[in-house]
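Chains as they are written, first to last, in my numbering: chain A, -9 to 330; chain B, -9 to 330; chain C, -9 to 330; chain D, -9 to 330.
We put the CB at the ideal spot given by N, CA and C, even for glycine.
Worksheet: the structure to be examined is printed underneath.
4 protein chains.
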Amino acid sequence: MNTNLNIALIGAGRIGRVHAEHLAGRIPEAHLSMVADVDREAAEACARKFGAPVAVADYRAVLDKAEVDAVVICSATDTHAEIIEAAAAAGKHIFCEKPIDFDLGRIDQALAAVARAGVLMQVGFNRRFDANFRRVREAVRQGEVGTPHRLHIISRDPAPPPLAYINASGGIFLDMTIHDFDMARFLIGSEVEAIYTAAAVRVDPAIGEAGDLDTAVVVLHFENGVIGTIENSRQAVYGYDQRVEVFGSGGSIRIDNNHPNTAVVSTAQHVRRDLPLNFFMDRYLDSYVDEMQAFVTAVLEGTPPPVTGNDGRVPVVMGLAARRSHDEKRLVRLAEITDA
Amino acid sequence: MNTNLNIALIGAGRIGRVHAEHLAGRIPEAHLSMVADVDREAAEACARKFGAPVAVADYRAVLDKAEVDAVVICSATDTHAEIIEAAAAAGKHIFCEKPIDFDLGRIDQALAAVARAGVLMQVGFNRRFDANFRRVREAVRQGEVGTPHRLHIISRDPAPPPLAYINASGGIFLDMTIHDFDMARFLIGSEVEAIYTAAAVRVDPAIGEAGDLDTAVVVLHFENGVIGTIENSRQAVYGYDQRVEVFGSGGSIRIDNNHPNTAVVSTAQHVRRDLPLNFFMDRYLDSYVDEMQAFVTAVLEGTPPPVTGNDGRVPVVMGLAARRSHDEKRLVRLAEITDA
Amino acid sequence: MNTNLNIALIGAGRIGRVHAEHLAGRIPEAHLSMVADVDREAAEACARKFGAPVAVADYRAVLDKAEVDAVVICSATDTHAEIIEAAAAAGKHIFCEKPIDFDLGRIDQALAAVARAGVLMQVGFNRRFDANFRRVREAVRQGEVGTPHRLHIISRDPAPPPLAYINASGGIFLDMTIHDFDMARFLIGSEVEAIYTAAAVRVDPAIGEAGDLDTAVVVLHFENGVIGTIENSRQAVYGYDQRVEVFGSGGSIRIDNNHPNTAVVSTAQHVRRDLPLNFFMDRYLDSYVDEMQAFVTAVLEGTPPPVTGNDGRVPVVMGLAARRSHDEKRLVRLAEITDA
Amino acid sequence: MNTNLNIALIGAGRIGRVHAEHLAGRIPEAHLSMVADVDREAAEACARKFGAPVAVADYRAVLDKAEVDAVVICSATDTHAEIIEAAAAAGKHIFCEKPIDFDLGRIDQALAAVARAGVLMQVGFNRRFDANFRRVREAVRQGEVGTPHRLHIISRDPAPPPLAYINASGGIFLDMTIHDFDMARFLIGSEVEAIYTAAAVRVDPAIGEAGDLDTAVVVLHFENGVIGTIENSRQAVYGYDQRVEVFGSGGSIRIDNNHPNTAVVSTAQHVRRDLPLNFFMDRYLDSYVDEMQAFVTAVLEGTPPPVTGNDGRVPVVMGLAARRSHDEKRLVRLAEITDA
């Protein structure tokens, strides 16, 4: 296989192994040359499975290797900023899973380090590469529905994560809505000025006791006049619910969920379909391949990455504003967050 | 035909003639006995077309007739309250088109008159009788989607009305959203405590110059914890867009638009359907028959009307709150309106 | 109401009462002036309910009245031909339910009588007036799918009729498929040359013991080269299944079933819709109004009826050919039937 | 990667390269160890691209290698039988693209060679592994639609192949319908007794001049009483049209086409979707991975292949019967072909 780019994986957890599989078998220009994980056995198992020659526990061993061109950071969120800075200092190109960090100041330091080093950095908002969302983006860009007036995003998980996860998640807005904030900016191509949030604990009281929310509507006032709404739930019993509508002067475009097949069964009871895909990895599998392919292509061709460091920063600002709006029951301008 | 109820129509405009046709041909227990309209020629034309024996200019001539059991009020909005009071005083049962009035005090006077007279009064929120909306209501009532968490209503007109109409309309929230406010209460079966509005002029600047809005998102905080959203536009170029979704602990129910046929055409360009029904009278025709049938049945059987005077009052409160929220860019509690 | 045409109903059974209701309340130019039924009580009940002044037992009493302009024949099939001939001799315009008769010679006599009298005659193939089928016809006529190559008709009843009905029905091809034979000719606008049938008893052995079939595929070789297929079943447990696809050089058009609402319910089990409309009268209600309106308009304006006597005759030929093909396990040319 | 099975590819054309890519990157237990093609450059290019160590021109060089466990035969159809026999003699397990051959006698010799050698052989009917068709098969197997009465298969190509291809194709029934014959047997789980064909040249007269047909309806009389129909066209301008319906005593299951996304665009003209996937490789990509995975698993585990040699033979019999039925305008029993 034609391998032009040596890539090291840092973090061999669930999402790390997904990227490893794609780098090993589905992206011809990439070579998975190292795997690092604080759990050395996990690193070794991953390296063995996907044919990487070297496995290490300490990510710094990766950055020391001259032959490593780029790193894919899939470690715990609270290590992202530190590894980004170290990788940038070592001259490695960077793919980093979202979020960069929960702390704006820490994000800004990391982005400054990347800028100083002149390396390329892409943030892992994979949904931008999904065929459905890409189609909506194209429609907006080409004016297929005229001037956009409204954006509505439905984003519901099949089931809430474990409480331990929720406690470390940064809260629903930084963990779940963050994807939708990115999608809103991506689809509309404009920035948000102010946010109003209506949210509640409806799915599981334990989530509320942990200080988090599980049901939310977020109203986005865009600079270009579009009114956006995002709705989230931690639990849609019928599966992963990921829909979008953009409405404009020329019409509307909406996307529906992906089902495992197109079968319609009609019986004496009802006309029905099988449930939508339930697991985010099934639903978004192809988008993970495509985002990694885009990263590899951008590095090899020296073109800008399709998802920048700033694209990783702004949704964090939006998440902080959304939470403040809920806490204070009022419209919050994003400038209140960034000027603080 | 078996006619038990003598009904007089007051106001022979567009909606009045629709009711006249149904009373004459599709509701066996009703007899259209008189038509009144300030434009006597309109009254006569309508009476002739639908077989009513008498036509008059002054609605008071209707109320004088002992044989008239009930009136259907379809005159201009600013005459509703006065006619309701007079009809109640004359002991006639009342069907009145929405809105009762734009002024809360005036509405309260009219409702008090009805209560004093002990007559039955039904308000013309016809959409409650539509097969789609009724199906959603049943699903919520029977727990088919569990405990509701979210309600989303999409309500878009095919094209804005003439400016002259808009100037007399009371504004988008009292003219258009009022239907959705009623629908929200009907579907969820709970009252709204507070409202946040994000609205704009996106369709036609002339609407803005008239002091009105044409694009709106209204967030509803229900007493029972449901978070509702209504979105309106004065112009959906593809036709009348009337969709709803209720999401809850047990799943979701959503209704789509009605099309004139079920045909799907696949060509070298695309796979397509004909546009949704464009005219509200086509879209909601059956609901007009069913609401009038329900009125006639309620009067004949002495049962409570399915849409009460209070159901006519609350959406006006909501409309006033929605406008204030937009004007003041803040969450507005309904109590601020009713306690004023 | 503006009544230009006095119409007498002959036969006050189920379908007769449907026509009576439409003539009385929904077709402004028609006046239901008499009802005849061999069961005089049925005639009187129908007349009373729909406001017809006169009820009689003998249809000849109807034909004697000079003021009757037209008759609507809904009596038992074996009386159709006789009543047509008598009505034609009396100079009455004729609407006759399908089939005219099961015997080709008898049909030809009746049609000859109509031709001699110069009256207008329309046969009751109501589905031609249904919005879905009309849309397909328009697509074919206007070349929206290019030159047609294929026609596929799915036509399944919700449940088999009682055995007593089946015994008098003329068999599945003359009772059920006859509608689809008419539809095939209507949609393609060409005649069928030869027919191949594959049929069986799959739903109920008692139907087979009665000498009939309950499951059938009929292949139609059209003169214009189109290959048609019709599939019938006496029992689709999910409801009335009435679909069509026309495929051609420019694409395809297909129509799906009509449901009572557009609701989609998603639960932990599946994504489902309510069953299609189950009863032919619900499914085709509007088409009955429209066919009768078309008849009234044709008589009043002196224009040709949209469904002629010959349109009533040809499907009987096709039904006889379909049965012979099944019996002899071979392709049967229609000329074999008509030349016999 | 964990490679237990050494596989050699014979034939590096379009479909061969697809299998090579999957063997190299997506099937962990397989190792692509050799590529053979009469065009040595093609063999070398394919080997280089997918990391196979050896490339040869003569497939016999492959069979000589002891370390090769299995062969994947993707060469020209007229070489299949010969290579099967040689591979069997060499003790290699065999995956062979369809059809095995156009000549029944030749097929029987090849299958006998496989039986004698005791090697495993799987035929390349990939559609059985498609998620949609698999879902229908499961529904039938589990009685989800009761006892099947009807099967309807729609199978239309986006555009006819070049005439050169058609001339060598064996005709539409052996080239195109053969997939549907296999699908019919797979879905219903019963054999076909007799076939009636209605076919024509409607797409391109040149196809007719070449002695072939481009539009066909094939009626299948199954042993278990099911009536099947297959319809084919060489050209559906809207894309690859692959639908199926099974109807039975308990209801129906139908599958629709696969689209590149779920977007619905509503404009002032219509409500539309993007065209279905157009290229068979896009439409059936996953099924090619899954069929090869199934082959590898069957060989490694010593279980029967999911598509046997007999499954490769019977559709050829059906194709010959279908053509004879068209030529002789009559029902043809399969025994007429096999007993000849």
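For residue i, which residues in chain C fall below 8 Å Cβ to Cβ?
i	result
Glu134/B	Val255 and Thr257
For the putative contact between residue i and residue j, defined by C-beta atoms under 8 Å, what is the C-beta separation to the nearest angstrom?
i	j	result
Asp194/B	Gly161/B	In fact, because the Cβ distance is near 15 Å, the residues do not count as touching under 8 Å.
Val113/A	Val297/A	5 Å
Leu110/A	His83/A	5 Å
Leu164/B	Pro89/B	6 Å
Asn(-4)/B	His21/B	5 Å
Val126/B	Ala253/C	7 Å
Please list, in chain order, all residues of the same chain as residue i whose beta carbon is under 7 Å from its beta carbon, the five residues on each side excluded.
i	result
Asn251/C	Asp264
Ser277/B	Asn116, Arg117, Phe119 and Asp120
Ser242/A	Val135, Glu235 and Val236
Gly3/B	Cys64
Give the residues of chain C in contact with residue i, contact being defined as C-beta atoms less than 9 Å apart.
i	result
Ala32/B	Ordered by position in chain C, no residue passes the 9 Å Cβ test against Ala32/B, which lies about 17 Å from the chain.
What in chain D is Cβ-close to residue i, meaning under 9 Å?
i	result
Ile217/C	Ala188, Ala189, Ala190, Arg192, Thr205, Ala206, Val207 and Glu221
Using a Cβ-Cβ distance under 8 Å, would residue i count as near chain D?
i	result
Arg140/C	yes
Arg342/C	With chain C running from -9 to 330 in the structure shown, residue 342/C is simply not present.
Tyr230/C	no
Val234/B	no
Are the C-beta atoms of residue i and some chain C residue less than 8 Å apart?
i	result
Phe212/D	no
Phe237/D	yes
Any idea which residues DSSP pairs residue i with across the strands?
i	result
Arg244/A	Glu235/A and Val254/D
Ala206/A	Ala189/A and Asn222/A
Ala45/B	Val25/B
Pro138/A	Gly238/A
Step through the CB atoms of chain A and report whether any lies within less than 8 Å of the CB of residue i.
i	result
Val58/D	no
Asp68/D	no
Thr287/D	no
Ile243/D	yes
Asp264/C	yes
Ile(-3)/D	no
Apart from the five residues on each side of it in sequence, which residues of its chain come closer than 8 Å, Cβ to Cβ, to residue i?
i	result
Arg205/A	The question names Arg, yet the displayed sequence has Thr at residue 205/A. Counting only Cβ-Cβ distances below 8 Å, and skipping sequence neighbours, we find Ala189, Ala190, Val191, Arg192, Val193, Asn222, Ser223 and Arg224.
Arg50/D	Ala76
Can you name, in chain order, every residue of its own chain whose Cβ lies under 6 Å from the Cβ of residue i, other than the five neighbours on each side?
i	result
Met(-9)/A	Reliability fails at Met(-9)/A, whose pLDDT of 38 lies under 50, so the model's placement of it is uncertain and no value is given.
Glu281/C	Asn116 and Phe119
Leu321/A	Ala184 and Tyr186
Met166/D	Asn222
Arg7/C	Cys36
Asn122/C	Ile245
Ser315/A	Ile185, Tyr186, Thr187 and Val322
Report yes or no: is there a C-beta of chain B within less than 8 Å of the C-beta of residue i?
i	result
Arg320/C	no
Leu267/D	no
Phe163/A	no
Ala121/C	yes
Asp246/C	yes
Since residue i meets chain A, which of its residues come closer than 8 Å, beta carbon to beta carbon?
i	result
Val126/D	Ala253
Please list the partners that residue i has in chain C, where partner means a Cβ-to-Cβ separation under 7 Å.
i	result
Val227/A	Thr257 and Ala258
What residues from chain D crowd round residue i, counting only those whose CB sits closer than 7 Å?
i	result
Gly331/C	Nothing in the structure corresponds to residue 331/C, since chain C is present only between -9 and 330.
Gly15/A	Gly15 and Arg16
Pro250/A	Ala121
Name the chain B residues that come within less than 9 Å of residue i, Cβ to Cβ?
i	result
Ala129/C	Ala253 and Val255
Is residue i close to chain E? Criterion is C-beta to C-beta, closer than 8 Å.
i	result
Asn248/A	The chain labelled as chain E is not found among the protein chains of the depicted structure, namely A, B, C and D.
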